[in-house]
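Protein sequences appear in the order of chains E and X.
If you count the first sequence from 1, position 52 lands on 51 in numbering that gives the first Met the number 0, and the numbers rise without skipping.
If you count the second sequence from 1, position 176 lands on 175 in numbering that gives the first Met the number 0, and the numbers rise without skipping.
Every residue gets a Cβ at the ideal spot worked out from N, C-alpha and C, and that includes glycine.
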Amino acid sequence: MTVHFSEGELKELNINLQPIPPAPASLEGQVIDADTSSPLGGVLVEIVGLGSVTTASNGTYSIQNIPPGGYTVRFSKEGYQAVEY
Amino acid sequence: MIEIKAGEIKELNVSLVRLSSKVELVGAAWDKDFYYVGDTATLTAQFHNPTSQDFTFIAYLRWTNPYTNQVEGVQETLVIGAEQTAPVSFAFTVTEEVGKIMHIDLIEDGEAIRTFRVSDLIVSTPTGKANIIVEGGRNIPHNWPANTPYTMSRKLVNVGDAEGTSSVRGSWYVYPNSNNRRIIDMGEVALTPGERKTVSFTISWEEMLSMQDEGVLWRYYNMGGSLSPVIASITCPAGWYSAVDHDGTDLLYPQ
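Here it is in structure tokens:
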């Protein structure tokens, strides 16, 4: 936009700035059995207060579109000791 | 807590520990010392769960059928609260097909993921006779200092259903020359059904030294209700130590 000023003119210009939405983040990884190192499917991966996914048969998971911030992440599966970060 | 920044692709790899790999068998006992065929045998096992989560598994008491070589057993559900110790009892009818050696397996997804050996099942067939057997392990010390007498013991138990006696004998001999046998003592032990007695024989250090035969082993073993202790000869009288070899024979070697 080009603003033109006339001689002696007092021009008022009010501006509204729109915030840029933060780029979404993601969390991904793999869950394995601590004793055998074999991949663990069916593990519930939960970002507390946000949502959860379940690991695939190869133990991998991916959670997309996470707003930036601090989160508690919990991994749990029946028969295993749950861990929390 | 983890911090996730805008636009970040954070990687978080995790390893989970099986609860069952932490659970420990802290005790197991039969409700009787031995059983006759037809009795109900009950094994009560105590498991400890040191984790912070409750533990629920299938526990399986297993044995191998001596006639078919098939693994058989009884199962119970095992539930232990976090950081708790809890019992699980296995009961079954004793038959001739029940194997002697017992294991407790923790089962998950159809597979045994932990196995604990428990004491053997002792079964006696009713005969109307005494049946005196040697029970338990040996008591040979790991170190036998010089100038001290050496005592060997065996626990005898009558697993028959009548009172009876068994002759016992303590002796030493030079292996492999069993003709050079020296008897320490002998006698008879009377036992009622289920009764136990410990029989001991002691040989003095001086007598031991008098039986030295350098380079020749003296062996110690038992057969049935008799005792035939034998030990290794010494070439260094400063001290001895013992071991159990693969066929269950106790040997003493020069230290």
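- Neighbours of lysine 76 (chain E) across chain X, judged by C-beta separation under 9 Å: Leu15.
- The beta-bridge partner set that DSSP reports for valine 36 (chain X) is empty.
- Between threonine 164 (chain X) and alanine 129 (chain X), the CB-CB gap stays under 9 Å.
- Contact between the stretch 67–86 of chain X and the stretch 111–118 of chain X is absent: fewer than three C-beta pairs spanning the two stretches fall below 8 Å.
- For a Cβ distance threshold of 8 Å, residue set Ala24, Ser25, Leu26 and Glu27 of chain E lies close to lysine 9 (chain X), ordered along the chain.
- Around the beta carbon of aspartate 53 (chain X), a 10 Å sphere encloses fewer than 16 other beta carbons of the protein chains shown; the residue is thus reported as exposed.
- With a 10 Å radius around the Cβ and a threshold of 16 neighbouring Cβ atoms, threonine 50 (chain X) comes out buried.
- As a beta-bridge residue in DSSP terms, histidine 102 (chain X) pairs with X:Arg61 and X:Arg116.
- Closest option to valine 87 (chain X), judged by alpha-carbon separation, among X:Glu2, X:Asn48 and X:Lys4: X:Asn48.
- Not a single C-beta of chain X is nearer than 9 Å to the C-beta of valine 52 (chain E).
- Taking a 10 Å sphere around the C-beta of asparagine 157 (chain X), we find 16 or more other C-beta atoms and assign the residue as buried.
- Beta-bridge partners of aspartate 30 (chain X) (DSSP): none assigned.
- Between the C-alpha atoms of aspartate 30 (chain X) and phenylalanine 89 (chain X) there is a straight-line separation of about 11 Å.
- A distance below 7 Å between beta-carbons, with the five flanking residues on each side excluded, links arginine 73 (chain E) to the following residues of its chain, in chain order: Glu45, Val47, Ala81 and Glu83.
- In this structure, the alpha-carbon of threonine 71 (chain E) lies about 11 Å from that of isoleucine 3 (chain X).
- Contacts between glutamine 52 (chain X) and chain E, judged by CB atoms closer than 8 Å, involve Gln80 and Ala81 in chain order.
- Taking a C-beta distance under 9 Å as the contact criterion, valine 52 (chain E) and isoleucine 65 (chain E) do not qualify as a contact pair.
- Methionine 0 (chain E) is classed as exposed because its beta carbon has fewer than 16 other beta carbons within 10 Å across all chains shown.
- Three or more pairs of CB atoms, one per stretch, sit closer than 8 Å, so the stretch 96–106 of chain X contacts the stretch 60–73 of chain X.
- Between valine 42 (chain E) and threonine 94 (chain X), the alpha-carbon positions lie close to 44 Å from each other.
- Using a Cβ-Cβ distance cut-off of 8 Å, the stretch 29–38 of chain E and the stretch 0–9 of chain E are not in contact, since fewer than three pairs of beta carbons, one from each stretch, lie closer than that value.
- In this structure, leucine 77 (chain X) lies near isoleucine 57 (chain X), with their beta-carbon atoms less than 9 Å apart.
- Contact between glycine 78 (chain E) and serine 14 (chain X) does not hold, since their C-beta atoms are separated by about 14 Å, which reaches or exceeds 8 Å.
- Within the stretch 34–68 of chain E, the beta strand (DSSP E) runs of at least 3 residues that lie entirely inside it are, in chain order, 43–46, 50–53 and 59–65.
- Residue state for leucine 24 (chain X) is assigned as strand, using DSSP reduced to three classes.
- Ranked by Cα distance from proline 65 (chain X), the first of X:Thr92, X:Asp38, X:Gly98 and X:Gly159 is X:Gly98.
- By the rule that beta-carbons nearer than 9 Å mark a contact, methionine 185 (chain X) does not touch chain E.
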